[in-house]
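Per full-length UniProt numbering, numbering through the sequence shown is continuous, rising by one, with the last residue being 466.
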Amino acid sequence: MIVEGLDRSFDLIVIGGGPAGYMGALRASELGMRVALVESRKVGGVCLHQGCIPTKSLLEVSSLIQKTATPTNGLYYDPPKIKHDEVVAFGQSVINRLHQGIKHLLKTAGVMTFESSGSLLGTGKVVLSEGLSPLVLHAKNILLATGSRPKSFPGLPFDHERVIDSSDALLLNPAGKKIGILGGGVVGVEFSQIFTSLGGSVTILEREPTLLPGEDSELVSILSRELDRQGVVLKCGISIRDVVRTDQNVSLSLKPSNSSTESPPEDLSFDYLLVAIGRVPNTETLGLDSVGLTVSTGGFVLVNGSGWTGVEGLYAAGDLVGGAMLAHAATHEAIVSVEHMAGLNPPPNDPNTVPRVVYTHPELVSVGMTLEQARKKGFQAILKKFPMMANGRSLIHGDRRGIVKMVVDEESGALLGFGGVGPGLSEILPVATLAIGLPDGADRLSHSIFPHPTVAETIWDALKSR
Numbered sequence: 001m002i003v004e005g006l007d008r009s010f011d012l013i014v015i016g017g018g019p020a021g022y023m024g025a026l027r028a029s030e031l032g033m034r035v036a037l038v039e040s041r042k043v044g045g046v047c048l049h050q051g052c053i054p055t056k057s058l059l060e061v062s063s064l065i066q067k068t069a070t071p072t073n074g075l076y077y078d079p080p081k082i083k084h085d086e087v088v089a090f091g092q093s094v095i096n097r098l099h100q101g102i103k104h105l106l107k108t109a110g111v112m113t114f115e116s117s118g119s120l121l122g123t124g125k126v127v128l129s130e131g132l133s134p135l136v137l138h139a140k141n142i143l144l145a146t147g148s149r150p151k152s153f154p155g156l157p158f159d160h161e162r163v164i165d166s167s168d169a170l171l172l173n174p175a176g177k178k179i180g181i182l183g184g185g186v187v188g189v190e191f192s193q194i195f196t197s198l199g200g201s202v203t204i205l206e207r208e209p210t211l212l213p214g215e216d217s218e219l220v221s222i223l224s225r226e227l228d229r230q231g232v233v234l235k236c237g238i239s240i241r242d243v244v245r246t247d248q249n250v251s252l253s254l255k256p257s258n259s260s261t262e263s264p265p266e267d268l269s270f271d272y273l274l275v276a277i278g279r280v281p282n283t284e285t286l287g288l289d290s291v292g293l294t295v296s297t298g299g300f301v302l303v304n305g306s307g308w309t310g311v312e313g314l315y316a317a318g319d320l321v322g323g324a325m326l327a328h329a330a331t332h333e334a335i336v337s338v339e340h341m342a343g344l345n346p347p348p349n350d351p352n353t354v355p356r357v358v359y360t361h362p363e364l365v366s367v368g369m370t371l372e373q374a375r376k377k378g379f380q381a382i383l384k385k386f387p388m389m390a391n392g393r394s395l396i397h398g399d400r401r402g403i404v405k406m407v408v409d410e411e412s413g414a415l416l417g418f419g420g421v422g423p424g425l426s427e428i429l430p431v432a433t434l435a436i437g438l439p440d441g442a443d444r445l446s447h448s449i450f451p452h453p454t455v456a457e458t459i460w461d462a463l464k465s466r
């Protein structure tokens, strides 16, 4: 609600209440700024309400189902009885608790929240569209953080019934259904495991030769074998030739992506098609023209390492600027922008230090460069590896799948990259992320003491390997 008679001048106006928006607002408040946060929906953004939290809640359920499918350490389980409505309710309970926590933090910090959409009205001005009388707010600085939305496949718009996006997929009961997933990136891969564990028959369709393009090929190969073992059908290196949607199903005609010869198409039919081919930024209603700001060919706002757009006092962070398009990256970008506004001169954003996790079972994690990438940049890079099957904690857990890989600069002792497939690796990834930011990170880790037995020991073991 917009209150009449309020002071409409602020040090910072944030448009968008996702991880970039609300964390940027909180950091600005800590620095003594008077802050307004403009959000037309619920604070927390896609991450909290349709992304990170609900999908990881479902993946936790998926993990429990997998663990009870096989006798472990002398324990035998009956097949679990799955109540899908209670599974969804569990995730919603987590969302509700975190949502209340964010609202409490904003209120305690003195951030003034406006439940409205907002757009630029020239430099230093934001117009709120709630009600019949638009309200104009003024600020020295503005942070754009309106996030992104799922990208549709050309010629196949979402109907949210048969052709669904990731938000629709959160509520879908996959039991007994044939589900196609268009896109083998993080979203597609994670949902393939969720749907399979909950009783669905799943096929991933990916244009590139492998899943998770851009990640280490050995790690992707290990995870792909695990997905295949779990019953996920993988069709990589294919493109869509034709699509027919009816009230009952979605039929696809496939062909090889890079075939020079004409081959007979492969026809597949699914009860549902989840389109997970990326996301597009929410820039259309921001009024960027009013400040002369242009966007990239993909619609992303162009910024420098501090999130500055080149327009006086105007910054942007999160999915809006592209890059990793991850919640933790968005949070960091927003904090850097706010600290830059405050004159603190923070280090600029470095995409190389953004950690990435695919929360499957086993997990795939990475940060920094692969061996090939490091050598292309001129480093005297060497590879250190250690198998999870030789890690005591993994054996105790009854899960020895995977490997840890570390890319080290032989000359300086710097850690250039870290990656792995295995259980619990997301919890040790911050150690590698911190080390990558140090000039001699690998040397420091190799001289550190790791508790035993832990999964984290794989870092030390890999560095000590020959």
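Backbone N, C-alpha and C fix where the C-beta goes; we use that ideal spot for every residue, glycine too.
G122 places its beta carbon less than 7 Å from that of S290.
Under the three-state reduction of DSSP, E411 is assigned to coil, being neither helix nor strand. Taking a cut-off of 8 Å on C-beta distances, the region 154-166 does not touch the region 353-368, as fewer than three cross pairs fall below it. In the DSSP assignment, G45 falls within the alpha helix (DSSP H) that extends over 45-49.
Note on geometry: alpha-carbon atoms of T370 and L219 lie some 11 Å from one another. Note on P348: under 16 other CB atoms within 10 angstroms of its CB, so exposed under the neighbour-count rule. Boundaries of the alpha helix (DSSP H) around S192: 186-197. Using a C-beta cut-off of 8 Å, the region 10-17 makes no contact with the region 293-305, since fewer than three inter-stretch Cβ pairs fall below that distance. The Cβ neighbour count for Q380, taken over all protein chains shown within 10 Å, is under 16; the residue is labelled exposed. A straight-line Cα-Cα distance of about 43 Å links P213 and G32. As the crow flies, the alpha-carbon of K81 is around 21 Å from that of I179. Between N173 and H84, the gap from beta carbon to beta carbon is short of 7 Å. Here Y22 is buried: its Cβ has 16 or more other Cβ atoms, across all protein chains shown, within 10 Å. Judged by beta-carbon spacing, A435 lies beyond the 7 Å limit of K385, meaning their Cβ atoms are not closer than that value. A check of alpha carbon separations from M341 across I403, R401, L314, D247 identifies L314 as the nearest. If you look at D228, you'll find it in the alpha helix (DSSP H) that goes 217-229. One Cα belongs to W460, the other to G420, and the distance between them is close to 14 Å. According to the DSSP assignment, G91 belongs to no beta strand (DSSP E) but to the alpha helix (DSSP H) extending over 84-109. Boundaries of the alpha helix (DSSP H) around L59: 52-67.
Between the beta-carbon of L320 and that of T146 there is about 6 Å, and that keeps the pair under the 8 Å contact cut.
The region 191-208 and the region 265-276 touch, with three or more beta-carbon pairs separated by less than 8 Å.
Taking C-alpha positions only, K377 is separated from D409 by approximately 11 Å. Under the three-state reduction of DSSP output, H452 falls in the coil class, being neither helix nor strand. Counting along the chain, the unbroken alpha helix (DSSP H) around L463 starts and ends at 457-464. Judged by beta-carbon spacing, P19 lies within the 7 Å limit of T331, meaning their Cβ atoms are closer than that value. In the displayed model, H332 falls within a helix according to three-state DSSP. Looking at the backbone, the Cα of L120 and that of G45 are separated by about 20 Å.
Of the residues D267, G318, D350, R241, the one whose Cα lies closest to the Cα of N258 is R241. Exclusion of the five residues before and after V243 leaves L156, L252 as the residues of its chain whose Cβ lies within less than 6 Å of its Cβ.
Per DSSP, the unbroken alpha helix (DSSP H) holding K376 starts and ends at 371-376. A distance below 8 Å between beta-carbons, with the five flanking residues on each side excluded, links L170 to the following residues of its chain, in chain order: Q50, P54, T55, L58, V88, G91.
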